[in-house]
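Have a look at the structure below before the remarks.
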Ligand SMILES: O=C(O)CCC(=O)C(=O)O
Ligand SMILES: [Fe+2]
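Numbering (my numbering), first residue to last: 3 to 333.
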C-alpha cells in the first residue's frame, strides 16, 4: 500500500504522554499462586477506580507463545483480500465469528470509520445456538492458525477467571462471585491489524473509534508499535504505551454498571500514525447471555445513588454490536 507516512494529526487526536506511575503495572503473581490475593485486590481496586485500566505482569502466559499468535495473526492478515472475505463474519450469522474488513465495523459510527481489520473467534460449537455461540470459521491455507489462536483463547478464559476473582475480592465480594454469572459466558477472541495512517489524520477515519468495551473484562496484548489512547477520568486522552511482557486490562460497561460507576469503563481508541503496521490481540469475557447485571448493593450509597436498571449481559452486548456492524444493522 502506498501511503503518505508523515502524519499531520488533527488536534482532536492528540494524547498526553503520562508517566507510568499514573497507569499502574500490577504484578499478579500473588493472585495466581494464592500467596497474597488481598494485596493484589487492593492494587486492582486502586487501578480500576482511579485510572480505569492497568497493565498486568507475571501473568503466567509465556511471551514466546503470545509472539507465536502475533506471528500467525500477521500471516493471516497478509492473505489476499478475497481469501479473507471468504471467512466474512456475516457468513456466521449472529454467532459473529470470522473476518471483518476495514470499515466493516465502526465502533463510534456517528463520528468515525474504523480502519482496522479483525478476525473473531469464540467458544467452539457445532451449530448456531444463538447470538455469540456457533462454529468458528478457519482459514484453510493456514493450518496452524486455528490451533494457536484457539489455544490462546482457552488460556485467556482461564486468566480472565483469575482476574475476575481479584476483581471480586477488590469489591469485598467472595472470590467466586462471578462464577455463578459465568457458567457458559460469552467470550470473543479477536485479532486486530491497524494499517498506518499518513497525511492529514482526523477523527473521521482512525484505527478504531472511541468506545468503551461492552462486557466484563478485556485482556489486550499489543505489539511494540503503540497507538492505543485511553481517556482518563478528567477526560484527557493518555497514551497506553506498550510495555513488553504485560497485558493491558480494562473493564467494560457491565462491570461499570455492576459497580454503579465506582469502577470505570474507559473510553479508548487507536490512532496509528507510527508509519508501521500495528497488531493487537484483545480478548473479551462477559457473563452468560441471560445473566442479569445490576448495581451491587455495596456500591449504592447516599452519595452514589443507583445509576442503572438491571440488564442482561446478552441484551446489552448484542445491542452494542448491532449499531456498529453493517450486516447486523441491515438484518
Ligand atoms: O487494539 C487495541 O489496542 C484496542 C482494541 C480495542 O479497543 C477493542 O478491540 O475493543
Ligand atoms: Fe476496546
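Every residue, glycine too, gets a C-beta built ideally from N, C-alpha and C.
Owing to the predicted nature of the structure, the values given are computational and were not obtained by experimental measurement.
- In this structure, residue 270 keeps its C-beta atom at 8 Å or more from the C-beta atom of residue 219.
- Secondary structure at residue 48: helix, using DSSP grouped into helix, strand and coil.
- The beta carbon of residue 191 sits no closer than 7 Å to any heavy atom of ligand 1.
- Judged by DSSP in its simplified three-state form, residue 304 adopts coil rather than helix or strand.
- Rounded to whole angstroms, residue 124 and residue 192 show a C-alpha spacing of 9 Å.
- In the DSSP assignment, residue 254 forms no beta bridge with any residue.
- Residue 122 and residue 98 do touch by the CB rule: their CB atoms are close to 6 Å apart, below 8 Å.
- Fully enclosed beta strand (DSSP E) runs of no fewer than 3 residues occupy 100–102 and 119–123 of the stretch 77–124, in order along the chain.
- Runs of the beta strand (DSSP E) spanning 3 or more residues and lying entirely within the stretch 134–207 occur at 189–196 and 201–203, in chain order.
- By the beta-carbon neighbour count (other beta carbons within 10 angstroms, threshold 16), residue 273 is buried.
- Looking at the backbone, the Cα of residue 153 and that of residue 147 are separated by about 10 Å.
- Spanning the alpha carbons of residue 42 and residue 247 requires a straight line of approximately 18 Å.
- Judged by DSSP secondary structure, residue 130 falls outside any beta strand (DSSP E); it is assigned neither H nor E.
- Per DSSP, the beta-bridge partners of residue 241 are 231.
- Residues of the same chain with a CB within less than 8 Å of the CB of residue 203, apart from the 5 flanking positions on each side, are 9, 10, 11, 12, 15, 273 and 275 in chain order.
- The shortest CA-to-CA distance from residue 265 to any of 173, 311 and 325 is the one to 173.
- For residue 324, the uninterrupted alpha helix (DSSP H) segment begins and ends at 315–326.
- Closest in C-alpha terms to residue 241, from the list 55, 28, 40 and 45, comes 55.
- Taking a cut-off of 8 Å for Cβ pairs, the stretch 288–297 and the stretch 75–82 do not touch, as fewer than three such pairs fall below it.
- Shown here, residue 299 sits in a helix according to DSSP, grouped into three states.
- According to DSSP, residue pairing for residue 220 in a beta bridge involves 252 and 286.
- Assigned with DSSP and collapsed to three states, residue 11 falls in strand.
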